[in-house]
Each structure stands twice: as structure tokens, then as C-alpha cells.
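Asks:
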Amino acid sequence: MSAVPLSKEAVLKKSIGVSLGSLAILGLRDIKFFARPTTVYLMVSRHCVFNCAYCAQARESKAHTENLSRITWPEETFERVLEGLSKYDDYRRICFQVVNGENYFEDTLMFLRAIKEKGIKKPISISIRESDTARIRLLFSEGAERISLPVDVVSKKYFSRYRGGIFEKSFESIISAGRAFKGRITTHIIVGLDEEDIELYESLKKFFKEGILVSLFAFTPIKGTPLQDHPKVPIHRYRKFQFVRSLIAKNIDFEGIFEKGVLTGLKLERTKDEITNLLKDPANFITQGCPGCNRPFYNESPLGPIYNFPVIPKDTDRIVREFVSLISNGNIFFKV
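According to UniProt numbering, the stretch in the sequence shown is residues 1 to 336, in order.
#1: Enumerate in chain order the residues of its own chain whose CB-to-CB distance from residue 146 is below 7 angstroms, with the five nearest sequence positions on each side excluded.
#2: My assumption, with CB atoms under 8 angstroms, is that residue 95 sits in contact with residue 54. Please give the rounded CB distance.
#3: Have a look at residue 86 and residue 161 and give me their C-alpha separation to the nearest angstrom.
#4: For a test of the three-state rule: what should DSSP assign to residue 174, helix, strand or coil?
#5: Given residue 118, which residues of its chain have a CB within under 8 angstroms of its CB, disregarding the five upstream and five downstream residues?
#6: Look at residue 98 and residue 129 and say whether their C-beta atoms are less than 9 angstroms apart.
#7: From this set, 165, 101, 74, 36, which residue's C-alpha is nearest residue 48's C-alpha?
#8: Could you tell me the distance, in whole angstroms, from the CA atom of residue 322 to the CA atom of residue 244?
#9: Opposite residue 225 in the DSSP bridges: which residues?
#10: Reducing DSSP to helix, strand and coil, say where residue 242 ends up.
#11: What residue ranges within the region 6–63 form continuous beta strand (DSSP E) runs of no fewer than 3 residues, ordered along the chain?
#12: Tell me where the alpha helix (DSSP H) around residue 106 begins and ends.
#13: Alpha carbons only, please: which of 50, 281, 238 is nearest the one belonging to residue 215?
#14: Pick helix, strand or coil for residue 193, following the three-state DSSP scheme.
#15: Taking the continuous beta strand (DSSP E) assigned at residue 267, which residues delimit it?
#16: If you draw a straight line from the C-alpha of residue 143 to the C-alpha of residue 166, how long is it?
#17: Can you name, in chain order, every residue of its own chain whose Cβ lies under 6 angstroms from the Cβ of residue 233, other than the five neighbours on each side?
#18: Please list the terminal residues of the continuous alpha helix (DSSP H) segment that includes residue 331.
#19: Taking residue 138 as the reference, give the member of 121, 273, 164, 177 with the closest Cα.
#20: Residue 137 lies in the alpha helix (DSSP H); which residues open and close that run?
#21: Could you have a look at residue 1 and say whether DSSP puts it in helix, strand or coil?
#22: Shortest alpha-carbon distance to residue 252 belongs to which of 32, 181, 133, 275?
#23: For residue 321, which of helix, strand or coil comes out of DSSP?
#24: By how many angstroms is the C-alpha of residue 33 removed from the C-alpha of residue 26?
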């Protein structure tokens, strides 16, 4: 049953979660940055109906209700947020992180309409768990530029346990959206949820083949969730899949070398120097998502290790040493 539409005044009085960094961008907090966010991140609703084992907003989560991943999202009235979005221009994108709680879809639509009526022209992304093509189309028609449909878990064995739902059905739903809305769909993959290397490798290739942009996240254990004691992904493993993702995004041909299910290297028809230059590209290791998104320290403390760099890293030689054991003509071998 749909919620009764609210008046314009009621929409402005509604509360919305705003990441701490975004509050500073909007002039609502005085905060010093390690890295300034380039996107304004807003969280719609709380207390999700779903029960993802890694999520602070899951139905049975005992984590703090202001958290999503390791980020705190204090509430503000949408009126104050809208004023900040209009007054300040030092951001490149608006991103709604939608929690499937009470009236989540209707609220998202109302927020989109209010932004449009205010004349704010920044591109808008929406991250939402949604499989209905008509509802996705409605979000686009109301002003979304891109929509992310996170798959999160790419392990067939652990998908239903960690995320809930049917593995094949969830994958196909995202693929179908990618075909229906070409070039406008993103998905998220969380690395470190007990997936095998081959599953991660094949998922990246499959999504990109269908024109779906993939954003990688490193698993972050959150206190109060069932996976609070689950280990983080080793940095060398995350780095090799950042590099694999980058090669796929650049349409560079390569072949994976697997030993007992572990990706131990890549075959590329390139010289050693060419491969080295590909490895040292700083773009491999920065946050990869919608254009204009740098998502500072979503997965990690500023003290490190840094999984997704919010700014261009300077010492790519050191980063490459974290995960590469050998480079030769036609081959890269990874640390395992």
C-alpha cells in the first residue's frame, strides 16, 4: 500500500540522514577533512526490511542506527539540506543511499521532486535494492541520472546467508535493468564475503559485458552485525581485483591464471614495460563508482590501510609492491 503523498511543506520538514562529510559541504557542520567528499551523500529511511548480515541498517542489526558501513549519518531536516545544496556548489554529485525502510520509495520520489523544483542541476545517483523495472523507470523520470542496484555478494554459496534472496534471480534482475537502461546502471560488489576468486573475476566480466558499471567495496566489519568478527579482506587480494576491474573497464584483453581457484596472475599481450605502466596507473586504486564520487574512508580509517583512495595516490610503486610478485613480458604474477 502506497503512502499518502505529503505536502511540499511536510516534505521539507522530513528528516534525512546526511554523511558527516556532506554536512560540512552543505555548511551544516564545521569539520576538518583528511579528504574532502566530492559528492553529497544522503540516506533515506532507516531500519531496513531486509536482513543483510554485514549491514548496520539490517532488520536485526544491533549497530548504531546512525551508521551505514563505518560512516555516521546524523539526521537533518530536508529543508536545511535543500538550502545547502542550492547555496553551495563545491560538489559534483548528489547520491541517495536508500534503506528499504518505512515509505522509502515514496520519500525518495518526493526528495527528487523537491530538488528538481529547486532548480538544482547536479547529477543524482540512487543506490537502492529494487527489481521492479517500472519503479526504476519512475526514479529515472523524476531526475535520477544513474541508479545502483547492489549485488554485494558474489558467492553463490554464501549469497542467501549473507544477503538473503536467490543468487541467480538477483543477478538476472540487475542484468535485465542494465539492458533496459543502457549505460545508466551501476552495481556494487563487496570483496571479502567468502567469495572465490573465480566468482569475483567472472562477475566483474559479466557485469561490464552488459554495460553495468561495477564499484568495488572492501568488506567492513561493523559492530552489532552478525559479521562483526569476520576478517577484513587482505589488501593484496583487494588490489589485484582493483587492477582486474580497471583492465576490464579499459577494454584491455587479458586472461586469468588460476591455481586451485585462486587468481595467481594474468596473461596480457604486452611488454614488461607496458604492463608496468598499466599497473602504476593511479586510477586503478581510487574510488571507482559514479562519475564525481570519491566516497572518502567508507571502508577504512584514514590511518589505513586504504582500500579505495579518495584522492590520487602519489606512491603507486608502493601500492604495486603490495600485490605484485613478478612482471614479465606477457605476464603478471600476484602475491598470494
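Backbone N, C-alpha and C fix where the C-beta goes; we use that ideal spot for every residue, glycine too.
Replies: Taking the coordinates as given:
#1: Along the sequence shown, one-based indexing puts residue 146 at 146. Contacts found: 125, 184, 186, 290.
#2: Taking the first residue of the sequence shown as 1, we reach residue 95 at position 95. Taking the first residue of the sequence shown as 1, we reach residue 54 at position 54. Contact between residue 95 and residue 54 fails: their C-beta atoms lie close to 20 angstroms from each other, not under 8 angstroms.
#3: Residue mapping note: residue 86 aligns to position 86 of the sequence shown, counting from 1. Residue mapping note: residue 161 aligns to position 161 of the sequence shown, counting from 1. Here the alpha carbons of residue 161 and residue 86 stand approximately 43 angstroms from one another.
#4: The residue given as residue 174 occupies position 174 in the sequence shown. Helix.
#5: As a first step, residue 118 must be located in the sequence shown, where it is residue number 118. 82, 85, 86.
#6: The count along the sequence shown starts at 1 and reaches residue 98 at position 98. The count along the sequence shown starts at 1 and reaches residue 129 at position 129. For residue 98 and residue 129, yes; Cβs fall inside 9 angstroms.
#7: Working through the sequence shown from its first residue, we reach residue 48 at position 48. Closest in alpha carbon position to residue 48, among 165, 101, 74, 36, is 101.
#8: For the purposes of this step, residue 322 is identified with residue 322 of the sequence shown, where counting begins at 1. For the purposes of this step, residue 244 is identified with residue 244 of the sequence shown, where counting begins at 1. If you draw a straight line from the Cα of residue 322 to the Cα of residue 244, it is about 15 angstroms long.
#9: The count along the sequence shown starts at 1 and reaches residue 225 at position 225. For residue 225, which the question treats as bridged, DSSP gives no partner whatsoever.
#10: What you label residue 242 is simply residue 242 of the sequence shown in a count that begins at 1. In this structure, residue 242 counts as helix in the three-state DSSP scheme.
#11: The region 6–63 is shown to contain whole beta strand (DSSP E) runs of 3 or more residues at 15–18, 39–44, in chain order.
#12: Mapped onto the sequence shown, residue 106 falls at position 106. Here the alpha helix (DSSP H) through residue 106 covers 104–118.
#13: Taking the first residue of the sequence shown as position 1, residue 215 is located at position 215. Nearest option by C-alpha distance: 238.
#14: As a position in the sequence shown, residue 193 is number 193, starting the count at 1. Of the three classes helix, strand and coil, the one that applies to residue 193 here is coil, per DSSP.
#15: Taking the sequence shown and counting its residues from 1, the one referred to as residue 267 is at position 267. 262–267 is the span of the beta strand (DSSP E), which, as asked, contains residue 267.
#16: Working through the sequence shown from its first residue, we reach residue 143 at position 143. Working through the sequence shown from its first residue, we reach residue 166 at position 166. Their backbone Cα atoms lie some 30 angstroms apart in a straight line.
#17: Counting from one through the sequence shown, the residue named residue 233 turns up at place 233. A distance below 6 angstroms between beta-carbons, with the five flanking residues on each side excluded, links residue 233 to the following residues of its chain, in chain order: 191, 192, 218, 219.
#18: Here residue 331 is taken as the residue at index 331 of the sequence shown, counted from 1. No alpha helix (DSSP H) contains residue 331, which is instead part of the beta strand (DSSP E) from 331–334.
#19: Here residue 138 refers to the residue found at position 138 of the sequence shown. With distances taken between CA atoms, residue 138 lies nearest to 177 out of 121, 273, 164, 177.
#20: Taking the sequence shown and counting its residues from 1, one reaches residue 137 at position 137. Per DSSP, residue 137 belongs to the alpha helix (DSSP H) from 133–141.
#21: Within the sequence shown, residue 1 is the residue found at index 1, counting from 1. Because the pLDDT at residue 1 is just 42, under 50, the model does not fix this residue reliably, and the point stays unresolved.
#22: Taking the sequence shown and counting its residues from 1, one reaches residue 252 at position 252. From the listed residues 32, 181, 133, 275, the smallest Cα separation to residue 252 is found for 275.
#23: By one-based count along the sequence shown, residue 321 stands at place 321. Residue state, collapsed to three classes: helix.
#24: The residue you call residue 26 lines up with position 26 of the sequence shown. The residue you call residue 33 lines up with position 33 of the sequence shown. Computed Cα separation, rounded: 14 angstroms.
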